[in-house]
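Have a look at the structure below, then the notes.
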Amino acid sequence: MEVKTSLLDNMIGVGDMVLLEPLSEDSFLENLRNRFDHNEIYTYIGSVVISMNPYRSLPIYTPEKVEDYRNRNFYELSPHIYALADEAYRSLRDQDKDQCILITGESGAGKTEASKLVMSYVAAVCGKGQEVNKVKEQLLQSNPVLEAFGNAKTVRNDNSSRFGKYMDIEFDFKGDPLGGVISNYLLEKSRVVKQPRGERNFHVFYQLLSGASDDTLRKLKLDRDFSKYNYLSLDSAVVNGLDDAANFRTVRNAMQIVGFMEDEVQSVLELVAAVLKLGNIEFKPESRCNGTDESRVKDKNDLKEMCELLGIEQSVLERAFSYRTVEAKLEKVSTTLNVAQAYYARDALAKNLYSRLFSWLVTRINESIKAQAKTRHKVMGVLDIYGFEIFEDNSFEQFIINYCNEKLQQIFIELTLREEQEEYVREGIEWTNIEYFNNAVICDLIENNQNGILAMLDEECLRPGTVTDETFLDKLNTICAEHQHFESRLSKNSKFLTDHSLPHNCFRIQHYAGKVLYRAEGFVDKNNDLLYRDLSQAMYKANHSLIKQLFPEGNPGKVNLKRPPTAGFQFKASVGTLMRNLQTKNPNYIRCIKPNDKKASHIFTESLVRHQVRYLGLMENVRVRRAGYAFRQAYEPCLERYKMLCKKTWPHWRGPAREGVEVLMSDLQVPTEEFSYGRSKIFIRNPRTLFFLEERRRQCLQDLATLIQKIYRGWKCRSHFLLLKKSQIVVAAWYRRYAQQKKYQKIKSATTVVQSYTRGWQARKLLRELKYQKRCEEAATTIAAYWHGTQVRREYRKFFRANAGKKIYEFTIQRIMQKYFLGLKRDLPSMSPIDKSWPSRPYLFLDGVHTELRRIFHLWRCKKYRSTFTEEKKAVYEEKLEASEIFKDKKALYPSSVSQPFKGDYLEIRKNPKYQKLNSAVEEKVLLADVVNKINRANGKGTARIFLLTKNSVVLADQKTGQVKASVPLPDLTSVSVSTQSDGFFALKLKEGSASAVKGDFLLSSEHLIEIITKLHHIGSTAADREQLNVDISDEFLVQFKQDKVCVKFIQGVAKNGNSVSCKRKNNRLLEVSVPATA
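Take a look at the structure:
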C-alpha cells in the first residue's frame, strides 16, 4: 500500500500561511525563518507559492522528486514548486483550461531559476517521442540564448534578468508541447553604454571575448582584453562561479539546437562586436568659420573596423556623427553636432542597435519554436518579470517597472477574489464581500489617458518649444498636486507642510508596496528614446543583411515624418496586452523572496524579508484567503485522514463520504459556526479548529501505534519461540544424520583399505609371473636370432666374398627409398591449391628431398588447376586480384565481397524486354548493370537509378521509365571517394569545367560497390589514352553539388530498423552518414 505524506504531516513551522495562528507580520516572518533554517524554501498561501532563494543547490529537484509530485493533489505533499507546476499542467491537460504562471520578486530572488524549474518539470511529465523531445529541447534551450543577451551581473544578482519575459507554451489535446511564443518587455538598454559600480554589461560581451576562438576574434577584429573597450565595466569583469568561456560554448550549442543557421550566428556576433567598437569611438571639437563647434572623430581606426564589420561606408557614418538633418514637410535643415551631442548620438545608436538585435533574436526564436499545427492549442503562459524596485536613485526605468507591478498586483487581487468567489458559488457556500485595498487609483494616476503621469510625459515630449525634466515636473505639480498618492516638494509646500526628505527635482508616489521617490532627471530623454534619422539611414545603407532588417525606418523611399511612439506609450500598450492575455487564463502565482543581500546561504535578514513581504502584499493575500474559510478539503481525503477519531467511522465507513464527515464532526462536537458543508468539500473557518483535529489525530495515532506495537511484540515473541522450536528439531535431525554418515564413512574406509591391500597383493603376484614368462620368451627369441644369423652368414659367404657390406648398404637404402615413395603416393594431399597438408618425412636424411618434392607437387597441381579456367573466369580472377590491391585492409566492406563472384550484368539488360528502350539508347557493350541509389543533397534520401558501365561512359537512367538521366564520359571522371566503413556509399567526382560537371558530382549508394569501383579502375588502367582512376578512401570527403561543396561525413552509430545505413542532412554544408557498428 502506498503511503502518502500530507501537507500537515511532519510539518516544520506552518506549510500554509493561511493556517498560521496567530496571524501577524512577526509570526509570518518567524515562520519563514524557521522553514528557511531547515531548508524548507517553499511555503503556501492557499494556492500561491512563496519561494525563498537558498543561494545554493538543494537535493529537491531530482527525477525522483518529479515522480513524487506527478499527478498528486496540490496539498497532498509538502510545499514545492513542482506541486504548482503539476496542478497547472493537469488543469490544462484534463480540464482544457489555459493556464498562466506569474513569477514575481525583486532582482536576485530567483525568478529566472523558478521559471526554469517550471519548464523543466512540464518537460519531464509530458509525453515522449522524437518530435515532442525536439520541441521540448528547443523550448528549454531558448533560455541560455536569452540569458546571454538579456541578463547581466548586478550588485544583487550575478545572473539578473534585465528584461521581462512572457512565454506561451502551446500543447495539443494530449498535453504534449507543440511550440511556444516569447514576448519580451523593456530591455534595460541603457546598461549597454553605462553600468553602475560593481555591475557588468550584458553577459554576451564577456562570453564572446572569453570563449570565442582566436580565429573568430580575428574575423570580428576583437581582442580578449576587456580593458580595451569603453562599454565594459572592469571592476566586476570576472565573476566567481561564472565561466564565461564555457557559457559561450553553451550559447553556441543552444542557438544551433533552437535552429539558428551558421551565417545568422555569425551576423549576430558581428553586431555584438560592432557595439563594442562603437563604444571606442571618441570625438574632438573643431571650430568652424561661423564660430560654432563641430565634432570630429579622434581615432578613425575603430570607426573603420566597425564599418568593415557592418558593410557601411566610413564617410557616411562619420557624417551622421557630425551632422543632423531635420525634415519638415518639404524643407530640410542640416545642423552640426557638438561633442556632447555626438556622444549622445553614439550611445543612442549603440542602445538601439543592441535592443533591436535582442528583439530580432526573440522573433527568430519564435519562428523556430512556434507550433506548426493549425488546430486549436492549449496554452500555458510563464511570466518572469522584474519585481517591485525601490533604489536610492529611482528613475524612469524603475517608474515603469513599478507601474507594471501595480498592474500585476491589481490583476492578482481581482483574480484571487474571483477564484475564491467561484469556488464558494460552486460549492454552494454563501459569499461575503471582503474588504481589501484596491490599487486601481494608483494605476489610474499613472496610466489615465487625460491626466495620467505617462500621458503628461508624452505630452511634454511631443509639444513644441523647450522641453526639460523641470517643465515635466511642473506639469505634474499642477495636475496631480491634489492626488492622495502623489507627493512633491511643491505640492507639500502648497499644503503648508515641510518635508526635507523630498528634493526639489523629485516626486514621490505611494505605491501599494510603499512610497517610492523618483528623480525627474532623465525622464524626458528616456521616454523620447530618440535616434537621429541620419544614423537610421546610415545603418540602412549597410551591406549587412541583418542591419537592414533592424533599421527599416532608414529606407529613403519610405521616409515617415511622423514622430515615433515614446517608450512609455509602447510599454503601456504592451502591459495592457499582457493584462488582457492574463485575464483569459487561470492564474498560478510564485512569489520569490531573497533572504539577504550578500548572496550567501543560511543568512536570513529580517528587515530585508519584511520589506519584500510588504511590497509583495503577502499579508494582504493571507487575509483575503482567511476572510472566508481558512481551510477546505474534499470529503474523501478528510474522512480518510480523521476517521480514527470516531468509533462509527473507524476503521471503515460504508456510506457516502459526506455523511461520514458529518458523523465525525458531530461526534467530535465541533461548533457548527466553525465549518460549513459544500457540495464536494468541507470548509473550516479558523485554523485552530484544524489544529484541534490534528492534535486529536496525533493523540489517536499514538494510541493506535501503542496498540500495534503491543500486538506486534507479542506476535514477534511467539514467532521467535516457534522458530527456535522448529530450529531445534531440524538441528537434532541433521546432527543424527551427520553422526550416522560419519560412522558409515569409517566402516566404508576400513573396508576399502582391506580390499586395496588384497588387490595389491594379487596384482603384484600376477606381475611377477608375467615378467618371468616374458624373460623366458625373450631369451628363446635371442638364441634363435643368433642361430639364424650364423646360418645365413655361413650361406652368404659362398657368394659374396668381397664388397658384401657396401652391397648390403645399397640394398637397404634402395628398400628405404622404395618404401618412402610408395608411402608418399598413398598419402598425397588433394589437388586443391589451398590445401597446405603434406605427409611427414620418415627419415632425417630425406629432409631436402621431402621439401623439394612438396614444392614441385604444389606447382604442378596449381598448373593443373589453372588449365581448367575459361577466359571469362580468368578475367574475373584478375578483377578480384585488382579489388584486393585497392581495398584489402582499407575498407571494412571488402572481406564480405571476396566470396561473391563479380556478375557484371545484374539486370540482364540485353534479355529483359523492360529495358528495351534503354538497351537501344546504349550502343556499346554493357560491362556492368545494377540498381543504385542517387543521394539527394536536400534531405539525404535516396532515389533509385539504373547504373550502366561501358568502356567509354557511365550512364544513369530512371528505374521505372528507363529514360537516361545522365551520361558521363569516363575521361571526365577524375576520382572516386569511398569511406573506410561497411557502407555502400561512393562519390563520382567529375573534372571541373567539363560538360558533365554542370550539375556537380554524383553521390551514390550500391550493394555492389566493390565490383563497380574495381571495374572503373580496371577500365582506366587498361586504356592507353586515359589516366588511371584515383580511388580516395576516407571517412570524410567533399562533394561538389552545383555551386556548393558539401562535406559527407561517416560516423559509427547504433543499428536502427534492422542494420541499415542512414543519411541525414545536418545543415547546408554537411551530410552525415550513420553506419551501424560491426561486431
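Residue numbering for the sequence shown follows numbering that gives the first Met the number 0, starting at 0 and increasing by one per position.
Beta carbons: idealized from backbone N, C-alpha and C, even for Gly.
Which of helix, strand or coil DSSP assigns to residue i
{"i": "Leu57", "result": "coil"}
{"i": "Thr4", "result": "Bear in mind that a pLDDT of 49 at Thr4, under 50, signals an unreliable position, so the model cannot answer this."}
{"i": "Gly713", "result": "helix"}
{"i": "Tyr905", "result": "coil"}
{"i": "Val1060", "result": "coil"}
{"i": "Val117", "result": "helix"}
{"i": "Ile389", "result": "coil"}
{"i": "Ile368", "result": "helix"}
{"i": "Phe550", "result": "coil"}
{"i": "Ile961", "result": "Contrary to the premise, residue 961 reads as Gly rather than Ile in this sequence. DSSP places Gly961 in coil when its eight states are reduced to three."}
{"i": "Ser212", "result": "coil"}
{"i": "Phe570", "result": "helix"}
{"i": "Thr103", "result": "strand"}
{"i": "Ile812", "result": "helix"}
{"i": "Asn1066", "result": "strand"}
{"i": "Asn401", "result": "helix"}
{"i": "Arg462", "result": "coil"}
{"i": "Ser829", "result": "coil"}
{"i": "Arg792", "result": "helix"}
Cross-strand partners of residue i (DSSP beta bridge)
{"i": "Phe1049", "result": "Val1072"}
{"i": "Ile592", "result": "Met51"}
{"i": "Ala633", "result": "Lys680"}
{"i": "Arg944", "result": "Val931 and Asp957"}
{"i": "Val967", "result": "Val953"}
{"i": "Gly179", "result": "Ile168"}
{"i": "Gly575", "result": "None; Gly575 has no bridge partner."}
{"i": "Asn918", "result": "Asn918 is not bridged to any residue."}
{"i": "Lys1044", "result": "Gln1039"}
{"i": "Gln98", "result": "Met379 and Asn585"}
Pair within 8 Å by beta-carbon distance, residue i and residue j
{"i": "Tyr74", "j": "Leu116", "result": "no"}
{"i": "Met618", "j": "Glu169", "result": "no"}
{"i": "His484", "j": "Asp171", "result": "no"}
{"i": "Gln313", "j": "Lys297", "result": "no"}
{"i": "Phe357", "j": "Leu186", "result": "yes"}
{"i": "Gly380", "j": "Met166", "result": "yes"}
{"i": "Cys1062", "j": "Gly983", "result": "no"}
{"i": "Asn1029", "j": "Thr979", "result": "no"}
{"i": "Ser976", "j": "Asp1031", "result": "yes"}
{"i": "Tyr402", "j": "Ile445", "result": "yes"}
{"i": "Val47", "j": "Tyr120", "result": "no"}
{"i": "Val594", "j": "Met16", "result": "A quick correction: the sequence has Pro, not Val, at residue 594. It is not a contact, given that the beta carbons lie outside the stated cut-off."}
Residue-chain proximity (residue i, chain D), Cβ-Cβ < 8 Å
{"i": "Arg936", "result": "The structure shown has no chain D; it contains just one protein chain."}
**Report entry** 4 or more residues per run - each alpha helix (DSSP H) lying fully within the stretch 308-357
**Finding:** 313-319
**Report entry** Inter-stretch contact (C-beta, 8 Å, three-pair minimum) for the stretch 142-149 and the stretch 91-109
**Finding:** no
**Report entry** Sequence ranges, alpha helix (DSSP H) only - wholly within the stretch 469-544, length at least 4
**Finding:** 488-493, 522-527 and 532-539
Query raised in the report: Does the stretch 1040-1049 come close enough to the stretch 1064-1072 to have 3 or more Cβ pairs within less than 8 Å?
Result: yes
Report task. Mind the definition here: the stretch 193-204 touches the stretch 361-375 only if three or more C-beta pairs lie below 8 Å; say whether that holds. Result -> no
Query raised in the report: Which runs of the alpha helix (DSSP H) fall wholly inside the stretch 17-42 and span at least 4 residues, in chain order?
Result: 24-36
**Report entry** Touch test, the stretch 877-892 against the stretch 1004-1024, Cβ-Cβ under 8 Å, three pairs minimum
**Finding:** yes
Query raised in the report: Do three or more CB pairs link the stretch 910-928 to the stretch 882-900 at distances below 8 Å?
Result: no
Report task. State whether the stretch 171-183 contacts the stretch 271-279, with contact taken as three or more CB pairs (one from each stretch) at a distance under 8 Å. Result -> no
Requested in this report: With a floor of 4 residues, list each alpha helix (DSSP H) that falls wholly inside the stretch 858-887, ordered by position along the chain.
Outcome: 870-886
Query raised in the report: Should the stretch 434-454 be regarded as contacting the stretch 603-615, the criterion being three or more beta carbon pairs within less than 8 Å?
Result: no
**Report entry** Every unbroken alpha helix (DSSP H) within the stretch 129-170, with a cutoff of 4 residues, ordered by chain
**Finding:** 129-149
Report task. Specify whether the stretch 12-29 and the stretch 50-59 touch according to this definition: at least 3 beta carbon pairs, one from each stretch, less than 8 Å apart. Result -> no
Query - Length-filtered (4 minimum) alpha helix (DSSP H) runs lying within the stretch 243-281 - result: 243-257 and 261-278
Query raised in the report: Is it true that the stretch 657-667 meets the stretch 711-725, where meeting means three or more beta-carbon pairs spaced less than 8 Å apart?
Result: no
Query raised in the report: Okay, do the stretch 149-162 and the stretch 263-272 touch, 3+ Cβ pairs below 8 Å being the bar?
Result: no
Query raised in the report: Can at least three beta-carbon pairs, one atom from the stretch 79-87 and one from the stretch 628-642, be found at a separation below 8 Å?
Result: no
Requested in this report: Could you say if the stretch 464-484 and the stretch 517-536 meet the contact criterion of at least three C-beta pairs nearer than 8 Å?
Outcome: yes
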